[in-house]
Amino acid sequence: MKNRLAIFASGNGSNAENIIRYFLESDTVEVVLVLSNSPKAKVLERARSLNISVATFSKEDFYMSEAILKRLLKEKIDWIILAGFLLKFPEPILQHYKNKVINIHPALLPKFGGKGMYGMHIHKAVVENKESETGITIHYVNENYDEGKIIFQAKTEVLGTDTPEIIAEKIHILEQHHFPKVIENLIINNKNIPSFGGGQGEE
Ligand code: GAR
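Numbering (the working numbering), first residue to last: 999 to 1201.
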């Protein structure tokens, strides 16, 4: 029986698509469902074009009803991946999926984490703070934004001339390279030892 993944995403979905493609031929992992709080999110188009089932939901349903949890259980989902998902994850689902909800954050947590810290907001803050490096963090999700145990980080250099857009591109490259492999290692080998990579990382 393959490990069954659900991906939650709010927007573009480049990470979701990369993860779906990575596991298309896998014998051990399959992406079963993509869920979004935004019916217009590009991630839904990307998932449909790869023949993955999609579901959308309102913020109210997400927090006030058990419909999403029931759907996840009905689909026998084993792992939940947050890939650019911007809502706080509800506790009833976290309790059911203890240490099975994984998020990617486009900064080196604990720096640049918390409510309101997502996407370009982070890269702008990195430039304003004159950081010499930034990176990605893959971590377990708990009840607080961006505070769950860190599974993996990879770094990249920030040059004095870098704009937020250039940093976004560097982060995108790191995410595309590492996220599916870290998920795979976590699921298959149960490896969850924190690791730092100098722009390459070590899965
Ligand atoms: C990614 O960079 C992800 O790390 C970030 O949103 C982007 C989504 O891109 N997530 C957060 O900022 C969460 N706090 P994508 O939709 O193209 O995958």
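Using N, Cα and C, we set each Cβ at its ideal position, and we do this for glycine too. Every value quoted in this text rests on a predicted model; they were computed, and no experiment measured them.
How far does the alpha helix (DSSP H) with F1060 in it extend, from its first residue to its last? Segment 1057–1062, the alpha helix (DSSP H) holding F1060.
Distance, Cα to Cα, G1115 vs A1014? The question names Gly, but residue 1115 in the sequence shown is Met. M1115 and A1014 have their C-alpha atoms spaced approximately 20 Å apart.
Does DSSP classify V1156 as helix, strand or coil? Annotated three-state conformation of V1156 is coil, per DSSP.
Beta carbon of E1173: closer than 7 Å to some heavy atom of the ligand GAR? Relative to the non-hydrogen atoms of the ligand GAR, the Cβ of E1173 comes within a distance shorter than 7 Å of at least one.
Residue environment, L1071, which counts as buried when at least 16 other CB atoms sit within 10 Å: Label assigned to L1071: exposed.
Mind the definition here: the segment 1145–1160 touches the segment 1105–1125 only if three or more C-beta pairs lie below 8 Å; say whether that holds. Touching, yes.
Any heavy atom of the ligand NAP closer than 7 Å to the Cβ of G1158? You won't find the ligand NAP in this model; what it holds is the ligand GAR.
Limits of the unbroken beta strand (DSSP E) element including G1133: Segment 1131–1138, the beta strand (DSSP E) holding G1133.
Can you name the start and end residues of the alpha helix (DSSP H) that I1186 belongs to? I1186 -> alpha helix (DSSP H) spans 1162–1187.
Just the Cα atoms here: how many angstroms apart are T1135 and L1033? The alpha-carbon atoms of T1135 and L1033 are separated by roughly 22 Å.
Can you tell me which residues form a DSSP beta bridge with V1041? Partner(s): none; V1041 has no beta bridge.
V1027 and E1145 closer than 8 Å at C-beta: The Cβ atoms of V1027 and E1145 do not sit closer than 8 Å to each other.
Inter-residue spacing [alpha-carbon to alpha-carbon] between A1004 and P1037: In a straight line, the C-alpha of A1004 is about 17 Å away from that of P1037.
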